[in-house]
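Residue numbers (full-length UniProt numbering): 1 to 391.
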């Protein structure tokens with residue numbers, strides 16, 4: 001046996017795969033399949049293999065195998081780029097499609113030189129796939145640019161709530177019927193958002209009231225324990241059980257009783273049933289739980305306007321103004337602003353209250369914090385979605 005193969009076998013047994021690859025490649029073309037098997041079993045060797053192998057045909061085989069590896073672990077963007085390096089265009093197109101990169105799909109379709117009808121069919125399929133993936137904005141671009149389907153394009157833009165673009169496109173194609181569709185949809189969306197933000201405003205007040213009530217009761221409980229010169233760890237089992245039962249009903253929005261809580265604590269349900277209850281209640285704020293306070297604070301923080309919501313608001317407001325619906329736009333901006341100010345004020349109030357050992361009912365009031373937030377944030381980017389003419 002040649003020395004190089006002996007070294008290869010030794011390195012293989014010792015799991016020195018880099019050295020083993022060098023030896024098997026240097027053994028010549030007759031052992032190329034062995035080097036491919038080694039790289040496929042140890043994908044980290046693919047970069048080294050490309051450095052060691054100089055023959056263009058064999059390098060393409062290595063690249064294709066590497067692309068197959070990326071596909072197998074669902075790294076489709078990397079797979080597509082790797083396939084393109086070895087001119088495996090069909091596999092590259094499939095990989096781009098798997099990761100939802102429609103631009104890559106249609107570009108590779110051009111490289112493959114698909115016929116007009118084939119591209120049209122592919123584009124229509126991509127529209128359906130993107131809509132199913134929750135990407136109607138991308139579907140709209142394909143419908144307009146590749147399918148020449150203005151109706152579908154406008155519908156996709158409305159679904160994506162890209163109001164300005166939908167209106168612009170309708171006017172571009174001189175489609176009064178589509179302008180009317182955009183107008184109707186934008187008014188419906190504005191009405192829906194007004195209701196959502198009004199409901200959100202109520203929820204902010206509800207959760208803040210619940211938080212302050214829970215914190216006040218906890219502070220009173222701590223004060224009582226301290227006045228009795230006892231700590232929670234020194235309580236006997238009966239007292240601890242009673243305290244726990246009382247405490248589980250402390251939420252401002254819970255109607256639990258001591259009897260009901262005790263029954264819950266003493267339940268002999270099976271482990272499987274408990275696990276199912278935990279699964280159902282995951283993400284909920286359990287009344288009386290140790291994490292109730294922080295859970296309420298985090299919930300309030302999670303109600304903030306997302307960047308997507310702000311972008312949608314700004315686009316919708318401009319669209320409404322263009323359609324001469326300034327009164328509706330002004331109402332929407334007013335309600336959304338009130339919600340945003342209240343949510344931010346509630347978070348600030350909760351953060352400050354959590355660091356104090358007393359709850360001043362006259363100081364920790366939302367109406368005291370909203371003007372502060374309004375003054376602090378009047379020039380903030382957080383409110384850049386607003387239109388000054390509607391303030």
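Glycine included, every Cβ here is placed at the ideal spot set by N, Cα and C. Keep in mind it's a predicted model, so treat the numbers as computed, not measured.
Could you check whether residue j and residue i sit closer than 8 angstroms to each other, using their CB atoms as the reference points?
{"i": "residue 123", "j": "residue 316", "result": "no"}
{"i": "residue 156", "j": "residue 143", "result": "yes"}
{"i": "residue 297", "j": "residue 354", "result": "yes"}
{"i": "residue 76", "j": "residue 99", "result": "yes"}
{"i": "residue 216", "j": "residue 359", "result": "yes"}
{"i": "residue 20", "j": "residue 38", "result": "yes"}
{"i": "residue 36", "j": "residue 61", "result": "yes"}
{"i": "residue 66", "j": "residue 82", "result": "yes"}
{"i": "residue 194", "j": "residue 91", "result": "no"}
{"i": "residue 381", "j": "residue 161", "result": "no"}
{"i": "residue 146", "j": "residue 106", "result": "yes"}
{"i": "residue 293", "j": "residue 211", "result": "yes"}
{"i": "residue 46", "j": "residue 201", "result": "no"}
Taking CB distances under 8 angstroms as the criterion, tell me whether residue i reaches chain E.
{"i": "residue 58", "result": "The chain labelled as chain E is not found in the depicted structure, where only one protein chain is given."}
Within a Cβ cutoff of 6 angstroms, which residues of the same chain sit near residue i, ignoring the five residues on either side of it in sequence?
{"i": "residue 204", "result": "342, 343, 346"}
{"i": "residue 310", "result": "385"}
{"i": "residue 163", "result": "186, 315, 316, 319"}
{"i": "residue 64", "result": "86, 88"}
{"i": "residue 150", "result": "173"}
{"i": "residue 131", "result": "139"}
{"i": "residue 49", "result": "39, 62"}
{"i": "residue 68", "result": "none"}
{"i": "residue 120", "result": "none"}
{"i": "residue 74", "result": "none"}
{"i": "residue 183", "result": "323"}
{"i": "residue 171", "result": "none"}
{"i": "residue 178", "result": "154, 170"}
What is the rounded straight-line gap between the Cα of residue i and the Cα of residue j?
{"i": "residue 219", "j": "residue 368", "result": "22 angstroms"}
{"i": "residue 167", "j": "residue 174", "result": "11 angstroms"}
{"i": "residue 33", "j": "residue 84", "result": "23 angstroms"}
{"i": "residue 117", "j": "residue 127", "result": "15 angstroms"}
{"i": "residue 52", "j": "residue 383", "result": "57 angstroms"}
{"i": "residue 365", "j": "residue 349", "result": "8 angstroms"}
{"i": "residue 41", "j": "residue 13", "result": "14 angstroms"}
{"i": "residue 279", "j": "residue 302", "result": "Confidence at residue 279 is low in this model, with a pLDDT of 48, below 50, so the placement of that residue is unreliable and no value is reported for it."}
{"i": "residue 337", "j": "residue 192", "result": "16 angstroms"}
{"i": "residue 29", "j": "residue 78", "result": "28 angstroms"}
{"i": "residue 224", "j": "residue 214", "result": "15 angstroms"}
{"i": "residue 285", "j": "residue 207", "result": "10 angstroms"}
{"i": "residue 300", "j": "residue 306", "result": "13 angstroms"}
{"i": "residue 276", "j": "residue 295", "result": "The predicted model places residue 276 with a pLDDT of 46, which falls under 50 and marks its position as unreliable; any figure quoted below should be read in that light. Spanning the two alpha carbons is a distance of roughly 21 angstroms."}
{"i": "residue 397", "j": "residue 327", "result": "The requested residue 397 does not occur in the structure, where the chain is confined to residues 1 to 391."}
{"i": "residue 408", "j": "residue 26", "result": "Examination of residue 408 is not possible in this model, given that the chain is present from 1 through 391 alone."}
{"i": "residue 23", "j": "residue 17", "result": "10 angstroms"}
{"i": "residue 109", "j": "residue 321", "result": "41 angstroms"}
{"i": "residue 7", "j": "residue 31", "result": "14 angstroms"}
{"i": "residue 141", "j": "residue 96", "result": "17 angstroms"}
{"i": "residue 58", "j": "residue 135", "result": "40 angstroms"}
{"i": "residue 158", "j": "residue 165", "result": "9 angstroms"}
{"i": "residue 304", "j": "residue 101", "result": "30 angstroms"}
{"i": "residue 104", "j": "residue 72", "result": "19 angstroms"}
{"i": "residue 356", "j": "residue 196", "result": "33 angstroms"}
{"i": "residue 374", "j": "residue 324", "result": "28 angstroms"}
{"i": "residue 44", "j": "residue 209", "result": "56 angstroms"}
{"i": "residue 221", "j": "residue 133", "result": "50 angstroms"}
{"i": "residue 371", "j": "residue 291", "result": "30 angstroms"}
Whose C-beta lies closer than 7 angstroms to the C-beta of residue i among residues of the same chain, with five residues either side of it excluded?
{"i": "residue 392", "result": "No information on residue 392 is available, as it lies outside the stretch 1 to 391 that the chain covers here."}
{"i": "residue 176", "result": "none"}
{"i": "residue 329", "result": "317, 320, 321, 390"}
{"i": "residue 333", "result": "317, 386, 387, 390"}
{"i": "residue 129", "result": "none"}
Identify, in the order they occur along the chain, each residue of the same chain with its Cβ nearer than 8 angstroms to the Cβ of residue i, setting aside the five sequence neighbours on each side.
{"i": "residue 112", "result": "89, 90, 93"}
{"i": "residue 114", "result": "122"}
{"i": "residue 11", "result": "17, 19, 20, 23"}
{"i": "residue 351", "result": "297"}
Could you give the uninterrupted runs of the alpha helix (DSSP H) lying entirely in the region 68 to 96, keeping only those of 4 residues or more? For the region 68 to 96, the continuous alpha helix (DSSP H) assignments of 4+ residues that do not extend past its boundaries occur at 76 to 85, in sequence order.
Going residue by residue through the region 331 to 373, where are the continuous alpha helix (DSSP H) segments of at least 4 residues, counting only ones entirely within it? If you keep only unbroken alpha helix (DSSP H) runs of at least 4 residues inside the region 331 to 373, you get nothing at all.
Write down every uninterrupted run of the alpha helix (DSSP H) in the region 128 to 198 whose length is 4 residues or greater and which is fully enclosed by it, in chain order. For the region 128 to 198, whole alpha helix (DSSP H) runs of length 4 or above, ordered along the chain, are 136 to 145, 150 to 159, 163 to 172.
Please list the segments of the alpha helix (DSSP H) lying wholly inside the region 284 to 317, counting only runs of 4 or more residues, in order along the chain. For the region 284 to 317, the full-length alpha helix (DSSP H) segments reaching 4 residues or more read 292 to 302 along the chain.
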